[in-house]
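Visitor: Sharing a structure, written as structure tokens. Questions coming.
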Amino acid sequence: RLAHPTRATLHAASPVPAAPAAAPTGPPAAEATPSAAVSAASPAHKIPEVLPDLTLPGLDGTPHRLTDWKGHALLVNFWATWCEPCRREIPLLRSLRRERSADGLEVIGIAIDYSDAAEKYAREARIDYPVLLGEQGGYEAAAAFGMEPVLPFSVFADRTGRVVTLKVGELHPDEAGFILDRVRDVEAGRLSLSAAREQIESGIGRLNVRRAASVRDGAH
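Counting in the numbering used here, the sequence shown runs from 236 upward without gaps.
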């Protein structure tokens with residue numbers, strides 16, 4: 236059973252098939268379903284306090300360590316080409332990298348997918364942030380973050396490599412902005428890490444309620 240905090244969260248993301256060979260036929264995510272931010276302090280998850288020292292190849296085959304980007308605030312996004320909400324996130328991720336460059340943000344994509352499929356889609360979608368190719372290594376990378384492979388999910392870390400939170404399900408612009416502002420506050424010393432995590436958990440909950448209400452209103 237997938238280890239996520241609520242039934243709503245389980246339906247917010249796409250379970251990755253048990254083997255890479257089945258990845259292209261993975262099920263789509265439910266539309267407009269709330270997702271959740273999970274703090275590294277959550278007792279239900281073994282999310283690391285700091286970024287794990289993972290090594291995966293980039294699009295050109297060159298191996299990269301995740302810790303090579305230490306010194307940047309990081310948004311590490313786990314995705315696959317067959318995952319519809321993952322594909323929807325890509326324009327947002329490109330925009331965030333551009334708009335938050337002054338804050339030192341770097342976006343890293345980790346594709347749990349066939350390398351050739353990920354390379355082709357990265358070109359077609361004009362992904363301009365670093366993409367690491369997972370295949371089987373992507374499953375191991377997800378496990379290093381305390382996650383069974385459910386897509387998409389995004390990890391937010393500060394410049395020192397501390398994991399601030401992990402967002403399960405499709406990332407929306409209001410959620411990304413809220414979380415990244417808290418990461419910036421932590422880096423500036425305006426918030427403690429624990430206070431930032433509490434604010435993120437409650438803030439994402441409020442945004443989800445607001446989004447669900449908007450969807451209901453639009454359906455009438």
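No residue lacks a Cβ here, since even glycine has one placed at the ideal position from N, Cα and C.
For Glu-341, name the three-state secondary structure that DSSP assigns.
Guide: strand
Visitor: Could you give the residue range of the beta strand (DSSP E) that holds Val-403?
Guide: That run of the beta strand (DSSP E) goes 398-403.
Visitor: From Glu-370 to Asp-420, what distance separates their C-alpha atoms?
Guide: 35 angstroms
Visitor: Assign Val-444 to buried or exposed, taking buried as 16 or more other Cβ atoms, counted over all protein chains shown, within 10 Å of its Cβ.
Guide: Result: exposed.
Visitor: Do the CB positions of Tyr-374 and Gly-344 come within less than 8 angstroms of each other?
Guide: no
Visitor: In whole angstroms, what separates the C-alpha of Gly-412 from that of Leu-310?
Guide: 12 angstroms
Visitor: So what does DSSP say about Ala-360, is it helix, strand or coil?
Guide: coil
Visitor: Buried or exposed for Gly-381, please, with buried defined as at least 16 other CB atoms from any protein chain shown within 10 angstroms of its CB.
Guide: buried
Visitor: Mind checking Thr-316: buried by the 16 CB within 10 Å criterion, or exposed?
Guide: buried
Visitor: Looking only at C-alpha atoms, which of Glu-436, Val-403 and Val-390 sits nearest to Leu-301?
Guide: Val-390
Visitor: The beta strand (DSSP E) spanning Phe-413 covers which residue range?
Guide: Not the beta strand (DSSP E): Phe-413 falls in the alpha helix (DSSP H), residues 408-422.
Visitor: Determine the extent of the beta strand (DSSP E) in which Ala-392 is found, giving its start and end residues.
Guide: 388-392
Visitor: For a test of the three-state rule: what should DSSP assign to Gly-440, helix, strand or coil?
Guide: helix
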